[in-house]
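Numbering (this note's numbering), first residue to last: 11 to 434.
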């Protein structure tokens, strides 16, 4: 089909190709452009222009063999043109200092710091001059390419509040001339905690996408694992790094069993464990032992919980007593409403749904969980198991109102229909 003969189906193919390139290549395109313009806003504008041009150009020329390279070239060329043509934009050059790490007298035996543009961008977004919330939000927006609305949902805040937070963070990076680089090896340990939190949130955002027709954004999952592996190469003795990598590998080992052949959500209890990735499980389990052997860390304990699930041959073999005990450790190391919610789930499977409801009760008035759909979904499941039909239906309706992922919505709708019609 020639460019003049292209029909709606071909246009849909191009739209999907551009959407896929955005999911897979956004971080690389933006990070490479930042190196040219040294300004986050301008780099983001140029990257967005490149994707807009792809929609127009690929409809005529076809999708290139290497979409990411094409987009990066277009974005960087656009940036260079702007810098040449608009002298006022040259004032943006000092905004980000792009420099190489100079080895000190004691660093000559160390391997070089990894030269990865995405890692540079993450360390820039996670600079200690920024608040932790700003670090994570900015990375999700710039590195992962999530919309401001999606980032707001991840933080359980209003979109307007998140937009203001991201804008303030960008301005602070510019004003403080925060360097665009991976820190020197001696500075890595004190900088890595914020980066780990970001990489973890990237992973969880990809593992269950906050919105859209897909349950998983595998590009985010794979990107997060790549970054965690890179950090582990840099800091093999850091228990938190080992723990996070273990957690992600053990969780991702279940990727092929989370959906049925018809695309429906399959809960952990119903997954075919013979299809779990034994290679990832073995690697993750070894990292758990290494992590907890170095220090008792939040990510290490979460990875240990994932390992307990991975080691159970069947759902019925799951050691819920050990899992509850690990959550007791985790709530001391890393107290949060989400940890308490997951602990309540474990108690509900260990001691029964009534005990689970009791553990859940203190969280019902928790402000941080006011729009968290998993709280209502968990409560609905406990009530369903107790055959408290009307209360379960109301809780499922609440969960549906707070859930935007279409695969999860379909699952909740099926459960709602079940409690409404299948019981007398």
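In this text, a Cβ means the ideal position worked out from N, Cα and C, and glycines have one as well.
Residue i - DSSP class collapsed to helix/strand/coil
i, result
"residue 296", "helix"
"residue 396", "coil"
"residue 200", "helix"
"residue 365", "helix"
"residue 183", "helix"
"residue 444", "With the chain represented from 11 up to 434, any question about residue 444 goes unanswered, as that position is not in the structure."
"residue 83", "helix"
"residue 148", "helix"
"residue 383", "helix"
"residue 430", "helix"
"residue 26", "helix"
"residue 190", "coil"
"residue 70", "helix"
"residue 377", "helix"
"residue 437", "Residue 437 is absent from the structure shown; the chain starts at 11 and stops at 434."
"residue 228", "helix"
"residue 250", "helix"
"residue 156", "coil"
"residue 94", "helix"
"residue 59", "helix"
"residue 345", "coil"
"residue 245", "coil"
"residue 99", "Reliability fails at residue 99, whose pLDDT of 45 lies under 50, so the model's placement of it is uncertain and no value is given."
"residue 286", "coil"
"residue 391", "helix"
"residue 212", "helix"
Paired residues, beta bridge with residue i - DSSP
i, result
"residue 414", "221"
"residue 275", "269"
Under 8 Å between C-beta atoms of residue i and residue j
i, j, result
"residue 187", "residue 193", "no"
"residue 245", "residue 146", "no"
"residue 402", "residue 393", "yes"
"residue 355", "residue 366", "yes"
"residue 370", "residue 381", "no"
"residue 360", "residue 334", "yes"
"residue 385", "residue 350", "no"
"residue 38", "residue 78", "yes"
"residue 221", "residue 160", "yes"
"residue 230", "residue 275", "no"
"residue 267", "residue 250", "no"
Straight-line Cα distance separating residue j from residue i
i, j, result
"residue 223", "residue 416", "5 Å"
"residue 66", "residue 84", "13 Å"
"residue 406", "residue 217", "22 Å"
"residue 320", "residue 336", "15 Å"
"residue 364", "residue 396", "7 Å"
"residue 327", "residue 353", "18 Å"
"residue 283", "residue 325", "9 Å"
"residue 234", "residue 213", "5 Å"
"residue 425", "residue 432", "10 Å"
"residue 419", "residue 155", "24 Å"
"residue 448", "residue 430", "Only positions 11 to 434 of the chain appear in the structure, and residue 448 is not among them; the question remains open."
"residue 227", "residue 303", "32 Å"
"residue 310", "residue 243", "17 Å"
"residue 64", "residue 315", "44 Å"
"residue 53", "residue 150", "16 Å"
"residue 434", "residue 400", "Confidence at residue 434 is low in this model, with a pLDDT of 46, below 50, so its placement is unreliable and the value that follows should be read with caution. The alpha-carbon atoms of residue 434 and residue 400 are separated by roughly 11 Å."
"residue 163", "residue 169", "8 Å"
"residue 297", "residue 207", "18 Å"
"residue 68", "residue 51", "26 Å"
"residue 198", "residue 48", "22 Å"
"residue 427", "residue 404", "11 Å"
"residue 173", "residue 165", "12 Å"
Contact belief for residue i with residue j at Cβ below 8 Å, rounded distance in angstroms
i, j, result
"residue 253", "residue 203", "The Cβ separation is near 12 Å, so there is no contact."
"residue 43", "residue 129", "16 Å between Cβ atoms; not a contact."
"residue 94", "residue 60", "Not confirmed; about 17 Å, so no contact."
"residue 290", "residue 257", "Actually they do not touch by this definition, with Cβ atoms about 11 Å apart."
"residue 379", "residue 345", "With a Cβ gap of about 14 Å, residue 379 and residue 345 do not count as contacting."
"residue 41", "residue 143", "About 22 Å; that fails the 8 Å criterion."
"residue 152", "residue 135", "6 Å"
"residue 313", "residue 287", "Actually they do not touch by this definition, with Cβ atoms about 15 Å apart."
"residue 140", "residue 179", "6 Å"
"residue 322", "residue 329", "7 Å"
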